[in-house]
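Residue numbers 250 to 555, in my numbering, belong to the letters of the sequence shown in order.
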Amino acid sequence: MQTTPETRFAKSGGLSIAYQVVGSGPVDLVFVPGFMSHVEHNWEYSFMGSLFESLSEFARLIILDKRGTGLSDRSLGLGTFEERMDDVRAVMDSAGIERAALCGMSEGGALCALMAATYPERVSALILYAAACPGIDVVDDATKDFVQNFVESQWTTGHVLNQLIQHAPDPEAAITGLARFERYSCTASVAGEIVRRSMEADICGVVSSVSVPTLVLHAIADPGVSFSHGQYYADHIPGARLVPMDLDSHVSWNPADHRVAVDAIREFVANDTSRAPVTTDRILSTVLFTDIAESTVKAADMGDAR
């Protein structure tokens, strides 16, 4: 892409949420990133820019920075799952979108799954790309502390994202670039809080309440988020389709590594309107979501008190 797309801002509970709209395809596709994101600088890096360019060839792609990260407001922290879902809906409203396919990558996958379960009237389809499913792994406090401390101490050096993004053509230049991207994305303390929350949250009880058509894409040898997370989503979301990718990367510098995922997404969203949602109990999903959201807030508060 020759020029960076225009950055817009949606109002959500007094905060400004940054987003961009790219492409003019017949399908609206909202992309919710992991904890690394900056809507303007994403385009400088092939592991994000090339993916977005490919998706925008067949969809109207909406890219956003979650609150606390990138160009979105950072003044009130990360917010709860519920507040973050409000942010996504605010972006959709600002862009004039009533219903869209959601694509959640890495840490952003859980938020998209919760939104699909809680607001199916706004979500036409769900795509989970290398998505973590908080709650399927039991993580002890010592491990949580170790991971959080590593992220906070190494953030802005490039060594955190280098654990997740593979196949750089020039490893030394990649570290320099990733260090810059870490600085763009969020502060060290916010990065640490995001990974801590992901280890403490539990969305397993809500996953089976997702009723929209769902595509799960996961690398078999993903070093960042185990393939078991993708398998769990596929096993517990009614009618979900799993596409195991024969890759050893969580996110890749090599645009060719995105091809399997892009082709699967293209086919999936093209057929989206022809499939009826699976019938489910909306009340059940809402109750389960509320319990999880409250648990997440309590976990975050306990972390702040340490």
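Ideal placement from N, C-alpha and C gives every residue a C-beta, glycine not left out. None of the values given here were measured: they were computed from a predicted structure.
Kindly list the residues whose CB is nearer than 6 Å to the CB of residue 346, restricted to its own chain and excluding five residues on each side of it in sequence; keep chain order.
-> 277
Relative to the alpha-carbon of residue 320, which residue among 258, 496, 402 has its alpha-carbon at the smallest distance?
-> 258
Report yes if the C-beta distance between residue 479 and residue 465 is below 7 Å; otherwise report no.
-> yes
Secondary structure of residue 275, DSSP reduced to three states | Coil, per DSSP.
Please say whether residue 335 and residue 556 have beta carbons closer to each other than 7 Å?
-> Nothing in the structure corresponds to residue 556, since the chain is present only between 250 and 555.
DSSP state of residue 464 mapped onto helix, strand, coil = In the structure shown, residue 464 adopts extended strand secondary structure according to DSSP, grouped into three states.
Limits of the unbroken alpha helix (DSSP H) element including residue 420 = 420-434
Kindly list the residues whose CB is nearer than 6 Å to the CB of residue 357, restricted to its own chain and excluding five residues on each side of it in sequence; keep chain order.
-> If we look at residue 357 and ignore the five residues flanking it on each side, its Cβ neighbours are 281, 282, 283.
From residue 458 to residue 274, what distance separates their C-alpha atoms?
-> 29 Å
Residue 482 to residue 382 span [Cα, whole Å] = 7 Å
Sort out for me which residues DSSP pairs residue 480 with in a bridge.
-> In the DSSP output, where bridge partners are listed per residue, residue 480 has none listed.
Counting along the chain, where does the alpha helix (DSSP H) carrying residue 304 start and finish?
-> 295-304
Starting from residue 313 and walking both ways along the beta strand (DSSP E), at which residues does that stretch end?
-> For residue 313, the uninterrupted beta strand (DSSP E) segment begins and ends at 308-313.
Which residue from 286, 408, 375 puts its Cα closest to that of residue 491?
-> Out of 286, 408, 375, the CA that lies nearest to the CA of residue 491 is found in 375.
Which of helix, strand or coil DSSP assigns to residue 323 | coil
Residue from 451, 504, 393, 269 whose Cα sits closest to the Cα of residue 341 = The option with the nearest alpha carbon to residue 341 is 269.
Does residue 347 get closer than 7 Å to chain B when you measure Cβ to Cβ?
-> Note that chain B does not occur in the displayed structure, where there is just one protein chain.
By how many angstroms is the C-alpha of residue 494 removed from the C-alpha of residue 502?
-> Spanning the alpha carbons of residue 502 and residue 494 requires a straight line of approximately 16 Å.
Would you check if there are 3 or more beta carbon pairs closer than 8 Å linking the stretch 503-514 to the stretch 301-313?
-> Contact check between the stretch 503-514 and the stretch 301-313: three or more CB pairs, one atom from each, fall below 8 Å, which counts as touching.
Give me the Cα-Cα distance between residue 318 and residue 430, rounded to the nearest whole angstrom.
-> Spanning the two alpha carbons is a distance of roughly 12 Å.
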